[in-house]
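Novice: Start counting at 1 in the sequence shown, then tack on 255, and there's your number in our numbering.
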Amino acid sequence: MDLFTTPVARAAELRQQLNHHAHRYYVLDAPEIPDAEYDKLFAELQAIEAAHPELLTPDSPTQRVIGKVLDGLVPVRHALPMLSIKTETDYGEGGAIAFDQRVRNALELPDDAPPVEYCCELKFDGLAINLRYERGVLVQATTRGDGETGEDVTQNIRTIGQIPLKLFGDAPPLIEVRGECYMRRDDFEKLNARQRAFGEKTFINPRNTAAGAIRQLDPKGMRGKRLSFFAYGLGVFEDWRQPATHSATLDALAAFGVPVAKQRAIVRGAQGLIGFHRDIAEKRDALPFDIDGVVYKVNSIALQKQLGFVTREPRWAVAHKYPAQEQVTRLNGIEVQVGRTGKLTPVAKLEPVFVGGTTVSNATLHNLFELRRKGVRIGDEVIVRRAGDVIPEVVGRVPGSWNGTTRAGYVHNFLMPKQCPVCGSDVVREKGDREYRCTGGLFCAAQRKQALLHFASRKAMDIEGLGDKLVDQLVDADLVKHLPDVYALGVQQFAALERMAEKSAQNLVAALEASKDATLPRFLFALGIRQVGEATAKDLVKYFGALERIMQASEEQLLEVDDIGPIVARSIHTFFAQPHNREVIAQLRAAGIHWPEHEGAVDAGDKPLSGKTVVLTGGLSSMSRDEAGAKLEALGAKVAGSVSKKTGIVVAGEAAGSKLAKAQELGIEIWDEAKLLEFLAENT
Ligand code: IVH
Numbered sequence: 256m257d258l259f260t261t262p263v264a265r266a267a268e269l270r271q272q273l274n275h276h277a278h279r280y281y282v283l284d285a286p287e288i289p290d291a292e293y294d295k296l297f298a299e300l301q302a303i304e305a306a307h308p309e310l311l312t313p314d315s316p317t318q319r320v321i322g323k324v325l326d327g328l329v330p331v332r333h334a335l336p337m338l339s340i341k342t343e344t345d346y347g348e349g350g351a352i353a354f355d356q357r358v359r360n361a362l363e364l365p366d367d368a369p370p371v372e373y374c375c376e377l378k379f380d381g382l383a384i385n386l387r388y389e390r391g392v393l394v395q396a397t398t399r400g401d402g403e404t405g406e407d408v409t410q411n412i413r414t415i416g417q418i419p420l421k422l423f424g425d426a427p428p429l430i431e432v433r434g435e436c437y438m439r440r441d442d443f444e445k446l447n448a449r450q451r452a453f454g455e456k457t458f459i460n461p462r463n464t465a466a467g468a469i470r471q472l473d474p475k476g477m478r479g480k481r482l483s484f485f486a487y488g489l490g491v492f493e494d495w496r497q498p499a500t501h502s503a504t505l506d507a508l509a510a511f512g513v514p515v516a517k518q519r520a521i522v523r524g525a526q527g528l529i530g531f532h533r534d535i536a537e538k539r540d541a542l543p544f545d546i547d548g549v550v551y552k553v554n555s556i557a558l559q560k561q562l563g564f565v566t567r568e569p570r571w572a573v574a575h576k577y578p579a580q581e582q583v584t585r586l587n588g589i590e591v592q593v594g595r596t597g598k599l600t601p602v603a604k605l606e607p608v609f610v611g612g613t614t615v616s617n618a619t620l621h622n623l624f625e626l627r628r629k630g631v632r633i634g635d636e637v638i639v640r641r642a643g644d645v646i647p648e649v650v651g652r653v654p655g656s657w658n659g660t661t662r663a664g665y666v667h668n669f670l671m672p673k674q675c676p677v678c679g680s681d682v683v684r685e686k687g688d689r690e691y692r693c694t695g696g697l698f699c700a701a702q703r704k705q706a707l708l709h710f711a712s713r714k715a716m717d718i719e720g721l722g723d724k725l726v727d728q729l730v731d732a733d734l735v736k737h738l739p740d741v742y743a744l745g746v747q748q749f750a751a752l753e754r755m756a757e758k759s760a761q762n763l764v765a766a767l768e769a770s771k772d773a774t775l776p777r778f779l780f781a782l783g784i785r786q787v788g789e790a791t792a793k794d795l796v797k798y799f800g801a802l803e804r805i806m807q808a809s810e811e812q813l814l815e816v817d818d819i820g821p822i823v824a825r826s827i828h829t830f831f832a833q834p835h836n837r838e839v840i841a842q843l844r845a846a847g848i849h850w851p852e853h854e855g856a857v858d859a860g861d862k863p864l865s866g867k868t869v870v871l872t873g874g875l876s877s878m879s880r881d882e883a884g885a886k887l888e889a890l891g892a893k894v895a896g897s898v899s900k901k902t903g904i905v906v907a908g909e910a911a912g913s914k915l916a917k918a919q920e921l922g923i924e925i926w927d928e929a930k931l932l933e934f935l936a937e938n939t
């Protein structure tokens, strides 16, 4: 603050800036400034408000804090009832045709009158909320309740970053915005992944989670649950000229800074509605949130008024549904699958059920702990969820639905096998690990498949065309028992496999041949040593130079390498101590895999970033993080994945999160993308 700025003026300016940047970040997903810059402005405002508490306003971005526990939710009578809409359950074209016909009849339009204009929207699957803004400031948020009376949930709603605490521009003295609070699928998956990691109960679906969080008395229940909001209409307003159409009204709300879904369209007649329904059906899986249908609304507000309501439903709107993403079906059995690193996953064998647009007969049960927590038993009716591209899962059971097909008296009727169902090796669960694993290693076909897929993957040996299906065939037919076997196969053998044309077989042999021209870090990474990712492989090569030296290194010597700790050192040492692993390496080299000698050994201090560890976090707009990492490495930097005291520089792109926070905490040098580009330009 300079001498001529008053705290009042500066606070107002900061609020305006912070509200603008929060909108860019939460609503538009397009931040203009790095998080660190936002945090600085935020801290400045907090400091002013602490020094001058009389300046604190309810629309201040500092007031999105988690408040105190409530005794009960307070009922609030809606100034204008929150109605519901009629649902067309005919998934086909019939629903749209019937609605258009009802509208035309009610408006007494002759058959040759032009088609009616509609605004088409998504039907969001969440909780309806009324946001009341007075003089542009959010003063109250209520649930729908019974439509006449809702509940005051202002405290919880204020913590949702997407909901503006103050409207932009020339807001009317009073306006109520209506819309849906929901949880994005990725936020839901993250929440459940964390619950699983901590051994806590998982949530059934995003809808219930969002609704539950908003209606909680203790606002702490909002922690870790990132919610979102889309506006779809209005409640009461004063001194405002509402635009003439519903779609223009939504545009006006968007201009006030309220999130409005971009998937909406103005169409004409039944054919237009059908087109929208079909278009969204195709996009449904790719949307980042759940919808249960689309909503059609007569676009003209004047016509809406003319059409009015029947009982509690408007004649001018209808919901046209899609097949549900959750269904109840019978659990007929549980099979165990062996995945990467030997992890055993219980998979539900279901009575086939149509859910989320396809027929599902297998669904994951994740692990034994979760299965037990949900109390799922073979013979139960279970709830299956398939939404988006997430694999179908069993999210719960229907109480009292067990059909008694298995021995009575047993609480559980499924046990993890003691032997691997694929190779018969012992199954173990290590202390502190939630997962059961097969100990068969590369003896186990399931793990051999994973090892081969990893070996061929892009960042490893990069063998194009060696994918899932082919790997299954090669291992199942015993053509590949050990990694090196793959190099012994010729065009004839590949061409004899299912769905393998002569040309593809030739391409594959060429790709295998090309992969022999490798680099040592890639080869090391490709071996699939536990704990050895790309970065560690590079570190090892940089430090030791040659493969022989890495293979001979003791645990103590391995610990000398920056960023290699005791667990990683032990894993590497154990791997190379196994005669069969040494044999595999010898055979791969005999097959012709080679790399430039001593490529990794560099003298310290001869490049601009030598000796510096750099961590990249957040999104960059001018290049991918991998590209940036490669450029920094070329300048001598060591690129690491996590921030520690040893980190020299953190490059923070858009929406950088915890790594940036940690860097700030440790006082590490932080670069934004502009600074990175400047440095690269100066040094290359
Ligand atoms: S309009 C008077 N539009 O569906 C019309 N509702 O029964 C009021 N919903 O609980 C509703 N997406 O929360 C409307 N694009 C949308 C919607 C939508 C979801 C929910 C709404 C209400 C129910 C309507």
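In this text, a Cβ means the ideal position worked out from N, Cα and C, and glycines have one as well.
Could you tell me whether the Cβ atoms of Thr872 and Ala895 are closer together than 8 angstroms?
Specialist: Translated into the one-based positions of the sequence shown, residue 872 becomes position 617. Translated into the one-based positions of the sequence shown, residue 895 becomes position 640. Not in contact: Thr872 and Ala895 (Cβ atoms no closer than 8 angstroms).
Novice: Taking DSSP as the reference, what is the three-state secondary structure of Asp345?
Specialist: On the sequence shown, residue 345 is found 90 positions in, with the first residue counted as 1. Three-state DSSP puts Asp345 in coil, outside helix and strand.
Novice: Alpha carbon to alpha carbon, what distance is there between Glu768 and Lys758?
Specialist: For the purposes of this step, residue 758 is taken as the residue at position 503 of the sequence shown. For the purposes of this step, residue 768 is taken as the residue at position 513 of the sequence shown. Answer to the nearest angstrom: the Cα atoms are 15 angstroms apart.
Novice: Assign Val816 to one of three DSSP states: helix, strand, or coil.
Specialist: Within the sequence shown, residue 816 is the residue found at index 561, counting from 1. Coil at Val816, not helix or strand.
Novice: Glu685 by DSSP, collapsed to three states: which one?
Specialist: In the sequence shown, residue 685 corresponds to position 430, counting from 1. If DSSP states are grouped into helix, strand and coil, Glu685 belongs with coil.
Novice: For Lys378, I'd like the list of residues in its chain whose CB is within less than 7 angstroms of its CB, leaving aside the five on either flank, ordered along the chain.
Specialist: By one-based count along the sequence shown, residue 378 stands at place 123. The answer, listed in chain order, is Ile546, Asp547, Gly548, Val549, Val550 and Ala574.
Novice: For Leu251, report the span of its beta strand (DSSP E) as first-last.
Specialist: In the structure as shown, the chain begins at 256 and stops at 939. Residue 251 is therefore absent and cannot be evaluated.
Novice: Taking the DSSP output, what are the residues bridged to Ile925?
Specialist: Your numbering for residue 925 matches position 670 in the sequence shown. Paired residue(s): Val905.
Novice: Give the straight-line distance between the Cα atoms of Phe485 and Val608, rounded to the nearest whole angstrom.
Specialist: Here residue 485 is taken as the residue at index 230 of the sequence shown, counted from 1. Here residue 608 is taken as the residue at index 353 of the sequence shown, counted from 1. Taking the CA atoms as reference points, Phe485 sits about 31 angstroms from Val608.
Novice: Any heavy atom of the ligand IVH closer than 7 angstroms to the CB of Val550?
Specialist: Locating residue 550 in the sequence shown gives position 295, counting from the first residue. True, at least one ligand heavy atom lies under 7 angstroms from that Cβ.
Novice: Report the CB separation of Glu299 from Ser315 in whole angstroms; it is logged as a contact under 8 angstroms.
Specialist: Against the sequence shown, residue 299 aligns to sequence position 44. Against the sequence shown, residue 315 aligns to sequence position 60. Wrong, their Cβ atoms sit about 12 angstroms apart, outside the cutoff.
Novice: Among the residues of its own chain, which have a CB less than 8 angstroms from the CB of Gly891, if the five just before and after it don't count?
Specialist: Taking the sequence shown and counting its residues from 1, one reaches residue 891 at position 636. Same-chain partners within the cutoff: Val857, Asp861, Lys862, Pro863, Leu864, Ser865, Gly866 and Lys867.
Novice: What are the residues that DSSP puts in a beta bridge with Ile521?
Specialist: The count along the sequence shown starts at 1 and reaches residue 521 at position 266. Cys374.
Novice: For Gly664, which residues in the same chain have their Cβ closer than 6 angstroms to its Cβ, ignoring the five residues on either side in sequence?
Specialist: On the sequence shown, residue 664 is found 409 positions in, with the first residue counted as 1. Low confidence applies here, because Gly664 scores a pLDDT of 46, under 50, leaving its location unreliable and the question unanswered by this model.
Novice: Using the beta-carbon count (16 or more within 10 Å), is His621 buried or exposed?
Specialist: Within the sequence shown, the letter at position 366 stands for residue 621. Counting Cβ neighbours within 10 Å, His621 comes out buried, since at least 16 surround it.
Novice: How would you label Ala715, buried or exposed, when you count the other beta carbons within 10 angstroms and need 16 or more for buried?
Specialist: Position 460 of the sequence shown, counted from the start, is the residue given in the question as residue 715. Under this definition Ala715 is a buried residue.
Novice: Quick one: Cα of Ala766 to Cα of Glu838, how far?
Specialist: As a first step, residue 766 is located in the sequence shown; it is residue number 511 there, counting from the start. As a first step, residue 838 is located in the sequence shown; it is residue number 583 there, counting from the start. C-alpha separation (whole angstroms): 24 angstroms.
Novice: Which runs of the beta strand (DSSP E) spanning at least 3 residues fall entirely within the segment 393-441, listed in chain order?
Specialist: Counting only runs of 3 or more, we get 404-406 and 429-437.
Novice: In angstroms, rounded to a whole number, what distance separates the CA positions of Glu431 and Arg585?
Specialist: In the sequence shown, the residue the question calls residue 431 occupies position 176. In the sequence shown, the residue the question calls residue 585 occupies position 330. Taking the straight line joining both Cα atoms gives about 45 angstroms.
Novice: Between the alpha carbons of Ala503 and Tyr487, how many angstroms are there, rounded?
Specialist: For the purposes of this step, residue 503 is taken as residue 248 along the sequence shown, with counting starting at 1. For the purposes of this step, residue 487 is taken as residue 232 along the sequence shown, with counting starting at 1. Answer to the nearest angstrom: the Cα atoms are 12 angstroms apart.
Novice: Give me, in chain order, the residues of the same chain whose beta-carbon lies closer than 8 angstroms to that of Asp407; leave out the 5 immediate sequence neighbours on both sides.
Specialist: What you label residue 407 is simply residue 152 of the sequence shown in a count that begins at 1. Here the set comprises Leu328, Val329, Pro330, Val331, Gln395, Ala396 and Thr397.
Novice: Output yes or no for whether 8 angstroms exceeds the beta carbon distance between Glu372 and Arg523.
Specialist: Position 117 of the sequence shown, counted from the start, is the residue given in the question as residue 372. Position 268 of the sequence shown, counted from the start, is the residue given in the question as residue 523. Using a Cβ distance threshold of 8 angstroms, Glu372 and Arg523 count as a contacting pair.
Novice: What does a CB cutoff of less than 7 angstroms around Glu810 pick up in its chain, not counting 5 residues either side in sequence?
Specialist: Here residue 810 is taken as the residue at index 555 of the sequence shown, counted from 1. Result list for Glu810: Ala824, Arg825 and His828, in chain order.
Novice: Using three-state DSSP, classify Ala618 as helix, strand or coil.
Specialist: Translated into the one-based positions of the sequence shown, residue 618 becomes position 363. DSSP places Ala618 in strand when its eight states are reduced to three.
Novice: Measuring only from the beta carbon, is Ala465 closer than 7 angstroms to any heavy atom that is part of the ligand IVH?
Specialist: Numbered from its first residue, the sequence shown carries residue 465 at position 210. Outside the cutoff, so no.
Novice: Below 7 angstroms, is the gap between the Cβ of Ile352 and the nearest heavy atom of the ligand IVH?
Specialist: Along the sequence shown, read from residue 1 onward, the residue named residue 352 stands at position 97. No; taking the cut-off as 7 angstroms, the Cβ of Ile352 has no heavy atom of the ligand IVH nearer than that.
Novice: Between Cys678 and the rest of its own chain, which residues show a CB-CB distance below 7 angstroms, the 5 nearest in sequence each way excluded?
Specialist: Looking up residue 678 in the sequence shown gives position 423. Contacts found: Cys693, Gly695, Phe698, Cys699 and Ala700.
Novice: By Cβ distance, which residues of its chain are closer than 8 angstroms to Glu625, with the 5 residues on each side in sequence left out?
Specialist: In the sequence shown, residue 625 corresponds to position 370, counting from 1. Excluding positions up to five away in sequence, the list reads Arg451 and Thr457.
Novice: Taking Phe423 and Phe511 to be in contact with their CB atoms under 8 angstroms, please state how far apart those CB atoms are, rounded to whole angstroms.
Specialist: Counting from one through the sequence shown, the residue named residue 423 turns up at place 168. Counting from one through the sequence shown, the residue named residue 511 turns up at place 256. Indeed they touch by this definition, with Cβ atoms about 5 angstroms apart.
Novice: By the three-class DSSP mapping on this structure, what secondary structure does Tyr798 have?
Specialist: Here residue 798 is taken as the residue at index 543 of the sequence shown, counted from 1. Helix, per DSSP.
Novice: Which first and last residues belong to the beta strand (DSSP E) in which Asp547 is found?
Specialist: Position 292 of the sequence shown, counting from 1, holds the residue named residue 547. Ile546 to Val553 is the span of the beta strand (DSSP E), which, as asked, contains Asp547.
Novice: Can you give me the C-alpha to C-alpha distance between Ala859 and Lys886, rounded to a whole angstrom?
Specialist: Numbered from its first residue, the sequence shown carries residue 859 at position 604. Numbered from its first residue, the sequence shown carries residue 886 at position 631. Here the model assigns Ala859 a pLDDT of 46, short of 50, so the residue's position is not dependable, and the following value carries that caveat. Taking the straight line joining both Cα atoms gives about 17 angstroms.
Novice: Taking 7 angstroms as the cut-off, is the beta-carbon of Phe379 closer than that to any non-hydrogen atom of the ligand IVH?
Specialist: Sequence index remark: in the sequence shown, residue 379 carries index 124 (1-based). Yes, Cβ of Phe379 sits closer than 7 angstroms to a heavy atom of the ligand IVH.
Novice: Is it buried or exposed for Asn240, if we count other Cβ within 10 angstroms and need 16 for buried?
Specialist: An answer regarding residue 240 cannot be provided, because it is not within the stretch 256 to 939 covered by the chain.
Novice: Select from Asp294, Tyr281 and Gly594 the residue whose C-alpha is nearest the C-alpha of Val515.
Specialist: In the sequence shown, residue 515 corresponds to position 260, counting from 1. The option with the nearest alpha carbon to Val515 is Tyr281.
Novice: Under a Cβ-count criterion, where at least 16 other Cβ atoms within 10 Å of its own Cβ denotes burial, should Val491 be classed as buried or exposed?
Specialist: What you label residue 491 is simply residue 236 of the sequence shown in a count that begins at 1. Exposed, since its Cβ has fewer than 16 Cβ neighbours within 10 Å.
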